[in-house]
Amino acid sequence: MIKVECNGGVHEFPSEISVGKAIKEAYGKKSGAVAALVNDEEKDLSYLLSQNCKIDIIKDNSDRGLYIMRHSCAHLLAQAVTELFPNAKPTIGPPIDEGFYYDFFMDPINDDDLRKIEKLMRKIVKQNIPIKREEHDNETLRGIFSNNSFKMEIMDDKIGQEVGSSTYKQGNFVDLCRGPHVESTAKLRWFKLTSTSQAFWRADSSRETLVRIYGMCYSSKEDLQKRETLLREAAKRDHRKLGKDLQLFHIDEMVGQGLILWTPRGTVVRNELQQFISDHLTRQGYKQIYTPHIGKLDLYRTSGHFPYYQDSQYPPIVKRDTLSRLSDEGCSCSDLSNLMSEGEIDGYMLKPMNCPHHIRVYASQPRSYRDLPLRLAEFGTVYRWEQSGEISGMTRVRGFTQDDAHLFVTEDQIEQELLGCIELVKVIFGTLGMKDYRVRIGLRDSNSEKYVGSPEKWDKAEDACRNATASLGVEFSEEPGEAAFYGPKIDFVVKDVLGREWQLGTVQVDYNLPERFDLTYTGSDGEKHRPVMIHRAPFGSMERFCGVLIEHFNGMFPTWLSPTQVHILTISEKHKDYANKIAESLRDTSIRVEMDTGDDTIGKKLRTHRSMRPAYLMILGDEEQQNGTVSFLNPEREQKNGIPLKDFISKITSEINSKI
RNA sequence: GCCACCGUGGCUUAGCUCGGUAUAGCGACUGAUUCGUAAUCAGUAGGUCGGGGGUUCAAAUCCCCCCGGUGGCUCCA
């Protein structure tokens, strides 16, 4: 007799019974179970119960259940691929958020192949092929996968641990896998292959090139369709599309990849944001500075950026006469490169970071402890050579402006100053209604040698990060190994509608650069001391932040950020003068106005101007003119008629001032 | 940088498989209309098909190289 605790009751069975049957007993036929927890361990429905236990159902629409289905779907994919391409060698195929992928060692495939694979997958689903778990000893296991070096490598590394010693078999396809899986291919109906890409074995670019196939998988048609709808909606609010439609920015082939041209409308948004930050900087006692876009190579040798980060920098600018002298001497490109690396030739570099310049501002005067904390801020534009395949819209670019600042502080001031930095990020995110973000504290990896500074200082800095974050009541995760080599950091990661995460704000503690530049201040004891630096950028970069903001607001900016706050549309030509008068009054109060006094119908004008998503659409005709009032559609696109102009002005002004 | 896919007037787009110098809408411009809430009517201009090379009597259509974009991979001080 086996007693099975399940669904709040105890069920008794005379002999061995499968989990699936036990669940059917306890929950009925339509339990939606894809697997189960047997004494808190994930098991297949076919798993045989031979002694008393506790079972929890894993439903197909639960996170765990979806994970299992997606994993099974990856196997289904592999079955189809190996059937169509007998030479393809499956490597790994895990479930991921919303779907799954599988990496194959095979020749590249195209979209046609992808469709063929998907078609075969559907056929296999219809065939209702059972998925069977089998346990093997080591030797048998190696025998099964002897012609697949990738699986062999996995076994060499992991056998008996995570991978277990089981295989899952469906039809002729066998995969090394610990499971669990759904019972049969028929359970996998709501999937779709989405894309292919190249991937590297073990994410190592020096290893084999693999073909990765992505798919999504859900437990119901509705969920699959919901996801597809979401993707379509997200495509509509993509900042690259909206940026073009709303004329916010332009990227020009002739100017270069990853270089943003801020058009007039986008510049308004950026300026408003910069002004917003500037106001807070003043309040928090920052000093704003300007520094140039280039600096001598030697500056970056001292900072360590050159040649350490050479691969991601624009190549140095060398003086013309130096170049012609070297060329007369028959110097080759590699000679030149060596001479620069060795410091025998100087040149200029487009700045990849603002800190070296800011450090030299600090060093321009003798500093005492009374000067600290010294907070230097700049909207500083930096240039980095991102790989061409990485560049995308405004979010990954080669030139961008950081809302940067460097705080030079004593060790005792670190925590207090971190607090101020985090506070600022919180205010910004709060004002813009960006609620879905998380905070990540990057700590050092105790096994790594790459970090500079003593362990004691690191401990202190890491504690300061924790304390500052915690004392502001922000949830955070600690991630060892994610620190910069010079110090721990606090990153603010914002989630967008698709669940993609964007690292925006960042706060970093730095012991390294003050050391490298031999920065000092005179303490109250009359001795020289070393300051600590805090790098911080609440937006991260104006480009990325605006890109994320465009999507966040779906192009419909709050009034204070709206590139054009009021669009005035006239009913007919005879209202032109009145419209001009209104426009003038609004402009006098610094409200951004656009006029349309053309000869289109009001319906046409509304249609045209709505698409630019201004905060207000004002309509002026006989009625307004006679009564000296205005009528408008507000940001919620509700109609308000016959409002006295001064009421409108005070309403919109207060809206702008309170940034709602 | 790597893999796959894509690139036609300002925008969206037909044609490309089966080679014979390009289709439409929006927008722009001109004229008429002055009309109260998501496209008033008529007309005109505008592209040599991302760039270069090749195959061919002939290429937007086939081939090669380059540039740019998209989805991923790798990277992100």
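Heads up, the first sequence is in this note's numbering, so the first residue is 84 and it goes up one at a time. Backbone N, C-alpha and C define an ideal beta-carbon position, used for all residues, glycine too.
Identified DSSP bridge partners for residue i
i           : result
residue 679 : 652
residue 208 : Partner(s): none; residue 208 has no beta bridge.
residue 618 : 489, 591
residue 140 : 119
residue 297 : 184, 278
residue 345 : 332
residue 256 : 253
residue 431 : 379, 400
residue 459 : 370, 489
residue 352 : According to DSSP, residue 352 bridges with nothing at all.
residue 500 : BP columns for residue 500 are empty, so no partner.
residue 586 : 576
residue 173 : 187
residue 131 : 101
Top-ranked residue by Cα proximity to residue i, from the options
i           : options            : result
residue 108 : 455, 562, 90       : 90
residue 706 : 689, 655, 545, 102 : 655
residue 369 : 454, 548, 699, 103 : 454
residue 278 : 198, 736, 209, 351 : 198
residue 317 : 713, 579, 694, 574 : 579
residue 371 : 361, 380, 379      : 361
residue 358 : 560, 115, 460      : 460
residue 304 : 270, 280, 484      : 270
residue 606 : 390, 397, 670, 492 : 492
residue 440 : 449, 379, 576      : 379
residue 614 : 593, 622, 323      : 593
residue 487 : 338, 571, 577, 622 : 622
residue 153 : 169, 177, 190      : 177
residue 659 : 649, 406, 681, 674 : 681
residue 187 : 179, 172, 181, 193 : 172
residue 467 : 422, 537, 377      : 377
Sequence-distant residues of the same chain with beta carbon closer than 6 Å to residue i, five excluded per side
i           : result
residue 504 : 590, 619
residue 349 : 331, 332
residue 367 : 503
residue 301 : 273, 307
residue 574 : 523, 586, 589
residue 663 : none
residue 713 : 701, 707, 726, 728, 731
Nonlocal neighbours in the same chain, by C-beta distance under 7 Å from residue i, ignoring five residues either side
i           : result
residue 284 : 174, 233, 290, 291, 293
residue 554 : 502
residue 429 : 379, 380, 381
residue 63  : Residue 63 is absent from the model: the chain starts at 84 and stops at 743.
Assigned secondary structure, residue i (DSSP; H/G/I helix, E/B strand, else coil)
i           : result
residue 246 : Low local confidence applies: a pLDDT of 49 at residue 246 is under 50, so the model's placement there is unreliable, with the coordinate-based value given in what follows. Looking at residue 246 - three-state DSSP - the assignment turns out to be coil, as it is neither helix nor strand.
residue 604 : strand
residue 550 : helix
residue 32  : Residue 32 lies beyond the stretch modelled for the chain, which goes from 84 to 743, so this question has no answer here.
residue 443 : helix
residue 91  : coil
residue 178 : strand
residue 727 : strand
residue 479 : strand
residue 569 : coil
residue 392 : coil
residue 464 : strand
residue 692 : helix
residue 322 : helix
Opening and closing residue of the alpha helix (DSSP H) in which residue i lies
i           : result
residue 661 : 659 to 671
residue 165 : 146 to 167
residue 517 : Looking at the DSSP string, residue 517 is not in any alpha helix (DSSP H), and its letter there is neither H nor E.
residue 633 : 625 to 635
Contacts around residue i, its chain only, beta-carbon distance under 8 Å, and the 5 residues preceding and following it disregarded
i           : result
residue 251 : 158, 214, 215, 216, 217, 257, 258, 260, 262, 264
residue 246 : A caution first: residue 246 carries a pLDDT of 49, below 50, which makes its placement in the model unreliable, though a value can still be read off. For residue 246, where only same-chain residues beyond five positions count, the Cβ hits under 8 Å are 237, 238, 259, 260, 261.
residue 527 : 534, 541, 545, 563, 564, 566, 571
residue 497 : 543, 544, 547, 592, 615, 617
Where the beta strand (DSSP E) through residue i begins and ends
i           : result
residue 523 : 520 to 526
residue 699 : 699 to 703
residue 560 : 559 to 563
residue 218 : 215 to 218
residue 449 : Premise fails: residue 449 is in no beta strand (DSSP E) and is neither H nor E.
residue 714 : 712 to 716
residue 124 : 124 to 126
residue 226 : No beta strand (DSSP E) contains residue 226, which is instead part of the alpha helix (DSSP H) from 221 to 227.
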